[in-house]
Amino acid sequence: VHFSSELFMTIYDSTCMECEPDAQCTRKYGACFINGHCFAAGEANPDNWCEMCDPDVSENYFVTRRVNEAPYFITPSRIVKVPEEQLDVYIEAIDPEDRNVTYVLDFVTNLEITLDADGLLRWYSGRRITVRLEVSAYDECHKRVTKDFELAIIDCKCKNGGKCIPDPELTKGQGHYIC
-3 VHFSSELFMT IYDSTCMECE PDAQCTRKYG ACFINGHCFA AGEANPDNWC EMCDPDVSEN
57 YFVTRRVNEA PYFITPSRIV KVPEEQLDVY IEAIDPEDRN VTYVLDFVTN LEITLDADGL
117 LRWYSGRRIT VRLEVSAYDE CHKRVTKDFE LAIIDCKCKN GGKCIPDPEL TKGQGHYIC
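Position 31 (the sequence shown) corresponds to 27 in this note's numbering; numbering is contiguous.
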């Protein structure tokens, strides 16, 4: 039986370690070593996106993300429907960091209107009133934007007893109907 020479192999994460051929390893500047794992500067905590590696503050623990922009609404502030319509429309906001957005109805002048956490607005009233509501959109780090909306009922323009149906090609809640 013949044996070869003994070999030593060093396995390391080059994100935060530098190793020499003699297996002498040192931590790299500008990276984090947290709970036995390497993270590059700016890399998010895998368990909480709102925290990140910031070696200028600490190389040993995550810190609160310093740059996090609030979401912004893309839904127009005026939403309309015809009296007999039961309107289900999404209020939409975009997070600049492409994170999930949660919606909260802060104020409404009509209790027949609801808003789900995913932005689904439900309005079933046929009363001819204008409703005002205030909606907040939050990202997962609790950055918030608030917008006032006006909900109005418009007349159906169909002639000879025709019925208004939302145009499937256009955005719901913006007054686009076909007869």
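We treat Cβ as the ideally placed atom computed from N, Cα and C, and that holds for glycine.
Nearest to Thr105 by C-alpha distance, out of Tyr57, Glu130, Ser54 and Pro164, is Glu130. Excluding residues up to 5 positions away in sequence, Ala113 and Tyr134 lie with their Cβ nearer than 6 Å to the Cβ of Thr98 in the same chain.
When DSSP reads this structure, Cys21 sits in a beta bridge with Cys15. Within the region 7 to 88, the runs of beta strand (DSSP E) at least 3 residues long that lie entirely inside it are, in chain order, 13 to 15, 21 to 23, 27 to 30, 33 to 36, 44 to 50, 54 to 60, 74 to 77 and 83 to 86. Between Leu147 and Thr126 a beta carbon distance of about 7 Å is seen, short of the 8 Å cut, so the two are scored as contacting. By the 16-neighbour rule on beta-carbons within 10 angstroms, Lys155 is exposed.
Ile70 places its beta carbon less than 7 Å from that of Glu88. Going by DSSP, Ile125 is part of no beta strand (DSSP E) at all; its letter is neither H nor E.
The straight-line gap separating the alpha-carbon atoms of Val53 and Asp94 is approximately 25 Å.
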